[in-house]
Amino acid sequence: MLRWVMLVLLLLLVALQFRLWFGDGGMRQVWQLERDLQAQRAENDRLSARNAALAAEVEDLRSGREAVEERAREELGMVAPGEGYFQVVEPGQLGDLPAPAQPAPEQDSPQP
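So the sequence shown is numbered by the working numbering: it starts at 939 and just counts up by one.
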């Protein structure tokens, strides 16, 4: 009789351990959720830093004319009245440009 009780208790323990490790909401799922949480926190940190940089840029653009002028010069190539625009081309940068087109030679067409 004692053997049967021990066997039933052992089977019950194995069934409970199986559910703990492999069942729905078990340890494997907990570990996966912890990894997902860590990845989400890293993404949130990255996005928070990006938001802070964008907020600083917006504040800079609102606060003064210099930031607006700098952005217009860098991104749009604008110049102020009375200024000149010079573009410096480094040697080797023109290597990918096609050669200028040569005019087609005129052909003598037979007169009818």
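Backbone N, C-alpha and C define an ideal beta-carbon position, used for all residues, glycine too. Just so you know, these numbers come straight off a predicted model, no measurement behind them.
- Taking a contact as a CB-CB distance under 8 Å, the pair Val1006 and Leu999 counts as one, their CB atoms being some 6 Å apart.
- Per DSSP, the continuous alpha helix (DSSP H) segment holding Ala990 begins and ends at Met965 to Ser1001.
- Following the DSSP letters along the chain, one finds Val946 inside the alpha helix (DSSP H) bounded by residues Leu940 to Phe960.
- Here DSSP, grouped into helix, strand and coil, assigns Glu1028 to coil.
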